[in-house]
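Undergrad: Counting in the working numbering, the sequence shown runs from 23 upward without gaps. All C-beta atoms, glycine included, are put in the ideal place defined by N, C-alpha and C. In this text the structure is predicted, and so the values were computed from the model without any measurement. Have a look at this one before I ask anything.
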Amino acid sequence: MASPEAPFHYCVITASSPSQASLYEKLIRRRVDCGQYPRNIRFRVYADPPRGRVGSGGGTMVALFELYQQERQAPALSEDALDEEDILAFFSKQRVLLLHAGGESRRLPCYVPEGKLFGPLSAARSQRETNCPVVVLDFLLSLYFRYPWADGEVILASGDVIVDFDVAGQLLRENFRRGSICGFGKVASLEQGSRHGVFAFGNDGDEGPTYPVQDFYQKSPVEKLRKECLVPGMLEESCALDTGIFAMSPEWCLALFKLGAAQCDGKTLIKAVQASDIYFDFYVEVVMASLPGQTREQFANRVSGMSKLPVAILDLMHEYLGSLELRGALMQDCAFLHFGTLKEFPAASLQICELGLQPFYSHLAEGRSDWNPVPPADPAKRRDPMIVNSQAHTVRLRREASDSTEMVWVEMCADVQITLSPSGFHLLVGLQDVKVERPLPEGFCLDGRFIQQEAAGGAPSEISYIVAVYAAADTFKKVKQPEDVLFCGIPFHSWLQQRRLRVEHVWSNAQEAASCTELWTAKLFPATTSAASLAELLPGYWDASCFRSDDFIAQVRFSLEDLNRLDSALDRDIRRYRLVS
């Protein structure tokens, strides 16, 4: 397929580690080589500092400087070596899209190998005629192929939410005034706004589409938003919810570099970020530093409950970012789709289909035709399983009739026969030749993996097939107390006790066994040699009466951490294509 020319020059993507950065580069290269992604976009993938945890603000500073340094062969940032003219000259000529896409995605364990950015999504049949499966990045890029880019613009966005809106109807206007930094908000209820960032707009006499930002709130109570942030002229009480998208000017980039070159405890601020000595959030310290009319003390007080930065660094932020003009655009017709958890991911895919959203390469057109939301689907249709990247004719699911609208997500599957619960959510990924007669309990997920194990004596690596079983409510992240760990929908200690197991059976590490707080590292999933043995094994995860404790203890088992380390995202990408080609 012929790929469209891109209206921007660079797509910079941040990753959490060098290995994730390398993976992203390979998945992108595959799409470029297949003609699915334009060759005129210069993709750049940068890993967070080795010690990690620098925040979206620190990550933005490091990524933009790495881009500038790589393209201009610039020296390290310092007050003496800061070439202001060259920084302005470089960014004034470029259009840069920066996507923050790091993180391990533990709350979405089935898609950890590829990361959320390359998580597979459903698409209309006309959009499937590609050499690579349709993924989250395809939809993320769609907005920016229609956006009215200006030379010298850097756009920052999050890689874990899909945002799309009517560009032609809301932004293609002569008075699209961006300021030095411009955030994009969507009309939302006050209740939704209380869980996110919210803009409080002022009025400078312009009729939009942008307004001066007077204040910016993070996860504030509904009453506070009602008092300070109501959007006028709406039928219901509404606020301007931050979508995570910000557009920045060359002057803003220079100010950020000046901040990075400033001295802090004997080293430049960017060196402190690169060493993971400091952490700051773009949507807290960086944005709030540019709020108008505030003193240093007022800025420090504003972020005091959210920031861990010392006052000296907050003073530097106020000094360098405080004079920049902060504006905001309000999108009244906007999709805002989260896909960070097991339930959110398929729900977002369903909404993409319902709204008629398209990947960037699918017949993009100017005007209203590129944004055409449709009413929600008939609830009856929502009860049908969503079968994606699978041999659908070999997937046979049995389910009693019910009024439930809970989703069933089936992806990368072939030759499957499973009985589902009458009304619960289910997620089936990577299953091949899996046949289970006993009904899968409500909320349960089956996650199949082909992994390569190093054989002894230098022999060729062996491929094993493993099916991980878990529930949507399980605790995939480390918790504080052992009693907070959930597995298969129940307290983990109860699950073990019912099966005559001890923590030492599932954690070989004595420290992990003693703490019993990280399900991610528990070795719970053995490899199987046949469909018959798998059919015997799986029901034991939800029915202790058919669990074979002695066999389980004797088997070599893998944790979710092991499965995601040993699985190959590239192999999965190819497998998806082959299943539907």
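Do you know how far the Cα of P142 is from the Cα of V157?
TA: 4 angstroms
Undergrad: Does the beta-carbon of V333 have 16 or more other beta-carbons within 10 angstroms, so that it is buried, or is it exposed?
TA: exposed
Undergrad: Considering S78, what are the terminal residues of the alpha helix (DSSP H) in which it resides?
TA: 77–94
Undergrad: Determine, using beta carbons only, whether V134 comes closer than 8 angstroms to chain B.
TA: Of the chains in the structure shown, none is chain B; there is only one protein chain.
Undergrad: Please specify which runs of the beta strand (DSSP E), each continuous and at least 3 residues long, are wholly inside the stretch 166–199, giving them in chain order.
TA: 175–180, 183–187
Undergrad: Distance, Cα to Cα, F466 vs S555?
TA: 20 angstroms
Undergrad: Helix, strand or coil for Y301 per DSSP?
TA: coil
Undergrad: So the candidates are T550, T363, V430; which of them puts its Cα closest to the Cα of Y133?
TA: T363
Undergrad: For S38, count neighbouring C-beta atoms within 10 Å of its own C-beta (all shown protein chains included) and say buried if the count is 16 or more, exposed if not.
TA: buried
Undergrad: In whole angstroms, give me the CA-to-CA distance for F167 and R64.
TA: 14 angstroms
Undergrad: Can you tell which of I485, I184, Y492, E540 has the C-alpha that lies nearest to the C-alpha of F447?
TA: Y492
Undergrad: With 16 other CB atoms within 10 Å as the buried threshold, where does E107 fall?
TA: Exposed, because fewer than 16 other Cβ atoms sit within 10 Å of the Cβ of E107.
Undergrad: Give me the Cα-Cα distance between S581 and P368, rounded to the nearest whole angstrom.
TA: 24 angstroms
Undergrad: Can at least three beta-carbon pairs, one atom from the stretch 319–326 and one from the stretch 370–380, be found at a separation below 8 angstroms?
TA: no
Undergrad: For the stretch 527–545 against the stretch 91–106, do three or more pairs of beta-carbon atoms, one drawn from each stretch, fall closer than 8 angstroms, so that the two count as touching?
TA: Taking a cut-off of 8 angstroms for Cβ pairs, the stretch 527–545 and the stretch 91–106 do not touch, as fewer than three such pairs fall below it.
Undergrad: For the alpha helix (DSSP H) containing Q296, list its first residue and its last residue.
TA: 291–296
Undergrad: Taking the CB atoms as reference points, tell me whether R117 and W171 lie closer together than 8 angstroms.
TA: yes
Undergrad: Determine contact between the stretch 569–585 and the stretch 509–525, defined as no fewer than three beta-carbon pairs at a distance below 8 angstroms.
TA: By the Cβ rule, the stretch 569–585 counts as touching the stretch 509–525, because three or more pairs are nearer than 8 angstroms.
Undergrad: Between V253, C286, I177, G181, which has its C-alpha nearest M353's C-alpha?
TA: Answer by Cα proximity: V253.
Undergrad: Quick check on this structure: which residue in N411, L263, A96, G255 has the alpha carbon closest to the alpha carbon of S242?
TA: Restricting attention to N411, L263, A96, G255, the CA atom closest to the CA of S242 is found in L263.
Undergrad: Would you check if the distance between the CB atom of I184 and the CB atom of F268 is smaller than 8 angstroms?
TA: Contact annotation: I184 and F268 have beta-carbon atoms that are not nearer than 8 angstroms.
Undergrad: Per DSSP, which residues does Q240 bridge with? Please list them.
TA: G219
Undergrad: Output the boundary residues of the alpha helix (DSSP H) element that contains A576.
TA: 571–576
Undergrad: Could you tell me whether the Cβ atoms of A210 and S260 are closer together than 8 angstroms?
TA: yes
Undergrad: With DSSP run on the structure shown, which of helix, strand or coil describes Q503?
TA: coil
Undergrad: Please return the same chain residues whose Cβ sits closer than 6 angstroms to the Cβ of Y342, not counting the five positions on each side in sequence.
TA: A277, K280, L281
Undergrad: Please state the DSSP three-state secondary structure of R52.
TA: helix
Undergrad: Strictly by DSSP, which residues pair up with S100?
TA: Partner(s): none; S100 has no beta bridge.
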